[in-house]
Amino acid sequence: MKKVFIETYGCQMNVYDTEIVKSVLGRSGYQLTDQEAEADIVLLNTCSVRDNANRKVYSRIHQIRKGRKGKVQIGVLGCMATNFRKQLLENPKLPIDFIAGPDSYKRLPQLLDDLNGNGKEARNFDVTLSEFETYSDVYPAQGGGVNAWIAVMRGCDNFCTFCVVPYTRGRERSRSPENVADEVKRLAQQGYRQVTLLGQNVNSYRYEGRDFADLLEEVSEVPEIARIRFTSPHPKDFPRRLLRVIAENPKVCKQIHLPLQAGNDRVLEMMNRTYTRKEYLDLVDEIRALCPAMVLSTDIIVGFPTETAAEFEDTVRIMEAVEYDSAFIFKYSERPHTIAQRKFPDDVPEEVKTERIVHLNEIQKRHSYQKNLAHIGQVHEILLEEENTKKSADEFQGRNDGNKIVIIPRGSYRKGQFLNVKITDATPHVLRGEVTEVLEK
Ligand code: SF4
348 MKKVFIETYG CQMNVYDTEI VKSVLGRSGY QLTDQEAEAD IVLLNTCSVR
398 DNANRKVYSR IHQIRKGRKG KVQIGVLGCM ATNFRKQLLE NPKLPIDFIA
448 GPDSYKRLPQ LLDDLNGNGK EARNFDVTLS EFETYSDVYP AQGGGVNAWI
498 AVMRGCDNFC TFCVVPYTRG RERSRSPENV ADEVKRLAQQ GYRQVTLLGQ
548 NVNSYRYEGR DFADLLEEVS EVPEIARIRF TSPHPKDFPR RLLRVIAENP
598 KVCKQIHLPL QAGNDRVLEM MNRTYTRKEY LDLVDEIRAL CPAMVLSTDI
648 IVGFPTETAA EFEDTVRIME AVEYDSAFIF KYSERPHTIA QRKFPDDVPE
698 EVKTERIVHL NEIQKRHSYQ KNLAHIGQVH EILLEEENTK KSADEFQGRN
748 DGNKIVIIPR GSYRKGQFLN VKITDATPHV LRGEVTEVLE K
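Heads up, the sequence shown is in our numbering, so the first residue is 348 and it goes up one at a time.
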């Protein structure tokens, strides 16, 4: 029985896809191992969204081959396989055996059979993008714990000019609500208390006339599931009814990730984000009118081609106006095969990008700290997730409804329990507190 080791890079969707691959290979008689050194086959499930992930993968390929002296087969999966197909297949110095794109994982056993002498040549590949593949018939090998991830839709039709996802993962397609609910019920029977619905553009979910609001309601009917989260949405897909479901359904967490990317209309148009700063701010106002306590986070890119200092200030103004609870801020980096790479020279100097990212991170740190300090004295319901924190075995870590980390003294609690916790201290990144009540949920 051949042993397979998988290393994963990039986003949560990739982590989820790795579990799909494990499930597909497990069904076909492969044994999974967490020891790279004992594996016959090493799979690198890659990401193409940022340049440093690409570079890491190339150096890992050489490192693995060098360490194993030819006794291992190496496959590249995921976004890099699709986006860099030519470079991966045609570079004679790159010691890999095969590549497979995100829609080809069901065909992995066949690809591996071919490598093992049942037919084709080495450097095999399958990077076909599918209009239909949702893996709805493959239950991923979830690793246990409190939260389970479920991909409810795949692909993206938005073509933001900086992004490779529409090219590496193809067009949008969704699983049926019944199929998603079946998976949620199965996960609930295994003890999961929270599900996070995943999609590249999760709130554009649509299946035979039913939309993301319908899906949230369907999933919330599963009795054992106490919390539902979702990621990553697009600001253009928040109809009033969806906002109402998020605000009013007690199982849907009061937390929305609302990627801004830039605060200036000209830059937003160049990015093809399809909303203006006013529309974005109106959406924030609408969300807060429905649910003042909604926790908001965002993604921002600084130094997009031609972004001027004044245009960057528009992003600063939106950050100051919205006061996000957290933000993921990146410097623009040109990605091969994107519209931006073809049309817009990457002309903002690196030191300017650095100044801008430092400035926004300072603002965000201030906001995160102010927001967290405001929770001191409040009682939050938390779901316990991790028995030891990174710093201490005497602590237990959970998350509140808004997805903030809350740390409590270890006690004799167990993972998956719900507790009421009075917040007593805060940093920009975590809350600390004391248990006031153990909840029966
Ligand atoms: S919405 Fe834009 S950034 Fe998000 S996956 Fe689609 S193209 Fe990429």
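For each residue, glycine too, the CB sits at the ideal point set by N, CA and C.
One question on the structure: do residue i and residue j come within less than 7 Å of each other, judged by their Cβ atoms?
| i | j | result |
| --- | --- | --- |
| residue 534 | residue 577 | no |
| residue 575 | residue 542 | yes |
| residue 761 | residue 741 | no |
| residue 701 | residue 674 | no |
| residue 647 | residue 607 | yes |
| residue 350 | residue 387 | yes |
| residue 474 | residue 502 | no |
| residue 499 | residue 522 | yes |
| residue 643 | residue 603 | yes |
| residue 436 | residue 423 | no |
| residue 767 | residue 784 | yes |
| residue 655 | residue 509 | no |
| residue 726 | residue 769 | yes |
| residue 651 | residue 614 | yes |
| residue 411 | residue 389 | yes |
| residue 478 | residue 450 | no |
| residue 528 | residue 564 | no |
Is residue i close to ligand 1? I mean its beta-carbon at under 6 Å from any heavy atom of the ligand.
| i | result |
| --- | --- |
| residue 358 | no |
| residue 499 | no |
With residue i as the anchor, note down where its alpha helix (DSSP H) starts and where it stops.
| i | result |
| --- | --- |
| residue 509 | Residue 509 -> no alpha helix (DSSP H), and no H or E assigned at all. |
| residue 634 | 624-637 |
| residue 643 | Here residue 643 belongs to no alpha helix (DSSP H); instead the beta strand (DSSP E) covers 642-649. |
| residue 551 | Premise fails: residue 551 is in no alpha helix (DSSP H) and is neither H nor E. |
| residue 701 | 697-720 |
| residue 411 | 398-415 |
| residue 365 | 359-374 |
| residue 659 | 656-669 |
| residue 533 | 524-536 |
| residue 686 | 686-690 |
| residue 456 | 455-462 |
| residue 592 | 587-595 |
State the start and end residues of the unbroken beta strand (DSSP E) segment that holds residue i.
| i | result |
| --- | --- |
| residue 769 | 765-773 |
| residue 577 | 574-578 |
| residue 746 | 742-747 |
| residue 425 | 420-425 |
| residue 350 | 350-355 |
| residue 569 | Looking at the DSSP string, residue 569 is not in any beta strand (DSSP E), and its letter there is neither H nor E. |
| residue 495 | 494-498 |
| residue 446 | 445-447 |
Restricting to Cα atoms, I'd like to know which of the options is closest to residue i.
| i | options | result |
| --- | --- | --- |
| residue 516 | 494, 487, 548 and 493 | 548 |
| residue 581 | 569, 572, 507 and 770 | 507 |
| residue 567 | 595, 583, 587 and 546 | 595 |
| residue 409 | 676, 429 and 442 | 442 |
| residue 397 | 753, 759, 678 and 727 | 678 |
| residue 699 | 729, 659 and 722 | 659 |
| residue 774 | 734, 765, 764 and 722 | 722 |
| residue 763 | 494, 440, 597 and 565 | 494 |
| residue 715 | 770, 438 and 778 | 778 |
| residue 359 | 380, 392 and 348 | 392 |
| residue 526 | 668, 478, 536 and 497 | 497 |
| residue 472 | 444, 480, 484 and 487 | 444 |
| residue 788 | 362, 571 and 457 | 571 |
| residue 573 | 765, 618, 457 and 479 | 765 |
| residue 376 | 557, 455 and 588 | 455 |
| residue 672 | 707, 751 and 556 | 751 |
| residue 629 | 617, 597, 665 and 619 | 665 |
| residue 669 | 682, 691, 641 and 693 | 641 |
| residue 491 | 514, 481, 450 and 540 | 540 |
| residue 618 | 599, 688, 553 and 591 | 688 |
| residue 403 | 354, 371, 382 and 384 | 354 |
| residue 729 | 735, 754, 365 and 713 | 754 |
Quick one: does the C-beta of residue i sit closer than 6 Å to a heavy atom of ligand 3?
| i | result |
| --- | --- |
| residue 640 | Looking at this structure, you won't find ligand 3 anywhere; what it does contain is ligand 1. |
Query - Distance cut 6 Å, beta-carbon to ligand 1 heavy atom: residue list by chain order - result: 503, 505, 506, 507, 510, 512, 513, 547, 548 and 581
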